[in-house]
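Residues in the sequence shown are numbered consecutively from 1, following the UniProt record's numbering.
Glycine is no exception: its CB is placed at the ideal position from the N, C-alpha and C atoms.
Notes to accompany the following structure.
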Amino acid sequence: MATEQPKHTGQQRPLGALAQRTEQKTWKEMTTPEKVVTATKTTTNYTVIAAGVVLVSAIGYAIISELFGSNSDTHIFGDALERVRNNEKLKDIIGSPMMGHGEASSSKRRRNRRIHSQVILDGEGKEHLLMRFYVEGPDNEGTAHLEMVKDQNNKWEYKYLFVDIPGGVRAAERVFVEYNKYAGQPVIEDK
1 MATEQPKHTG QQRPLGALAQ RTEQKTWKEM TTPEKVVTAT KTTTNYTVIA AGVVLVSAIG
61 YAIISELFGS NSDTHIFGDA LERVRNNEKL KDIIGSPMMG HGEASSSKRR RNRRIHSQVI
121 LDGEGKEHLL MRFYVEGPDN EGTAHLEMVK DQNNKWEYKY LFVDIPGGVR AAERVFVEYN
181 KYAGQPVIED K
């Protein structure tokens with residue numbers, strides 16, 4: 001039995017309600033109101049796309065500069081924690097491995113610990129960054145404090161970084177990791 005194929009009559013098959021074919025007119029065939037509507041739609045579409053690209057770029061830049069920028073709180077915290085971990089006296093007192101974290105939170109999630117920091121201006125208009133975070137190890141714990149001052153190149157320079165160890169089995173102690181009383185001062189070169 002041979003099945004008979006329907007003959008093509010030259011007419012288009014009807015499409016569903018959602019998929020209708022519309023004939024596109026060329027620009028020359030359009031009336032002035034149709035041209036205005038078409039141009040407005042096209043301009044609106046391109047404007048929305050351009051605004052989306054700008055917004056995504058701005059968010060991406062903000063995230064990248066916060067995570068990887070040398071002046072970001074995240075980078076400064078990582079650098080300060082590494083300096084604390086490399087201090088031999090603190091290795092003896094706190095033990096190794098050392099972990100650093102921010103303020104305790106009422107949240108049950110441990111990752112929700114914000115590093116407390118603030119930027120203030122001194123009487124001369126210089127920016128100072130103050131930061132506090134906590135260090136824990138297998139033997140003890142401590143509170144780290146740092147102050148940084150912006151130098152002539154607009155980079156943060158350590159003024160001090162120290163860790164306060166509370167009393168207990170040992171006497172309370174303050175261990176300086178960094179101390180530079182000339183931080184933020186102009187460099188005077190000998191000639």
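Under the 10 Å beta carbon count, V149 is surrounded by 16 or more other beta carbons and is classified as buried. The beta carbon of F68 is closer than 8 Å to those of H75 in its chain, skipping five residues each way along the sequence. With a minimum length of 3 residues, the unbroken runs of beta strand (DSSP E) contained wholly in the segment 132-169 fall at 141-150 and 156-165. Ranked by Cα distance from S72, the options A171, V119, A172 and G137 are led by V119.
The closest CA to that of I165, considering only T47, D139, E157 and A80, is found on D139. In the DSSP assignment, I120 falls within the beta strand (DSSP E) that extends over H116 to L121.
In the structure shown, E178 falls within a strand segment according to DSSP collapsed to helix, strand and coil. Taking C-beta separations shorter than 8 Å and ignoring five residues to either side along the sequence, the partners of G95 in its chain run G137, P138, D139 and N140, following chain order. L121 counts as exposed, since fewer than 16 other beta carbons sit within 10 angstroms of its beta carbon.
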